[in-house]
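Q: My questions all concern the structure below.
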């Protein structure tokens, strides 16, 4: 089977919420490419890493009390055994998956750094707002609109500082401004969030 088709099937049959599934993975891949266009990175590493980075959080694959990044790494390792991937490429894919979260330090490879930056940026700006509000009530950390606003505020303050690449930091500033404009408008229209 072609790995592209298999990756698509893995994500689409996983029970992933639409805001966190295939399209999120596509955005992470394309943004990682955009951020790293001044470098010559291995596109296959970027693509596979982006497609599999969240598998461990999807309902079909998630395990209780297991960090989804580590679970995703294990799923990727098992899958990629079937493709006779060169060891150095496999190592970079697994590293990018393991260290893709904002609470992790960036991995050592450029591919890992740019997949992580792209994943962080997908939680900011208009797309970040859309994602967070679309999972209200579907995510245990965001049971209500009030919780979504709190998460959005926290992300707007914390995530730009987590972006590693110079280009990514510039984008983070712009996306943070989008979020702050949105929050200011909501605050005005809801009597300081009282009518949410």
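Residue numbers (the working numbering): 18 to 213.
Backbone N, C-alpha and C fix where the C-beta goes; we use that ideal spot for every residue, glycine too.
Only a predicted model underlies this, so the values are computations on that prediction, with no experimental measurement involved.
1) Quick one: what's got a C-beta closer than 7 Å to residue 184's C-beta in the same chain, skipping five residues either side?
2) So within the segment 160-213, which uninterrupted alpha helix (DSSP H) runs reach at least 4 residues, ignoring any that extend past its ends?
3) Are residue 31 and residue 132 touching if we call contact CB-CB under 8 Å?
4) Taking only the alpha-carbon atoms, compute the straight-line gap between residue 75 and residue 68 and give it to the nearest angstrom.
5) Specify whether the segment 143-150 and the segment 28-43 touch according to this definition: at least 3 beta carbon pairs, one from each stretch, less than 8 Å apart.
6) With distances taken from CA atoms, which of 27, 146, 41 is nearest residue 77?
7) Do residue 118 and residue 93 have their C-beta atoms within less than 8 Å of each other?
8) Just to confirm, is the Cβ distance from residue 141 to residue 196 under 8 Å?
A: On the basis of the data shown:
1) Closer than 7 Å at Cβ, skipping near neighbours: 52.
2) Counting only runs of 4+ residues, the alpha helix (DSSP H) found wholly inside the segment 160-213 occupies 162-179, 183-206, in chain order.
3) The criterion of a C-beta distance shorter than 8 Å is not satisfied by residue 31 and residue 132.
4) When rounded, the distance between both Cα atoms is 12 Å.
5) Remark: three or more beta-carbon pairs, one from each stretch, lie closer than 8 Å, so the segment 143-150 and the segment 28-43 are flagged as touching.
6) It is 27 whose Cα lies nearest to the Cα of residue 77.
7) Not closer than 8 Å, so no.
8) Contact flag set, yes.
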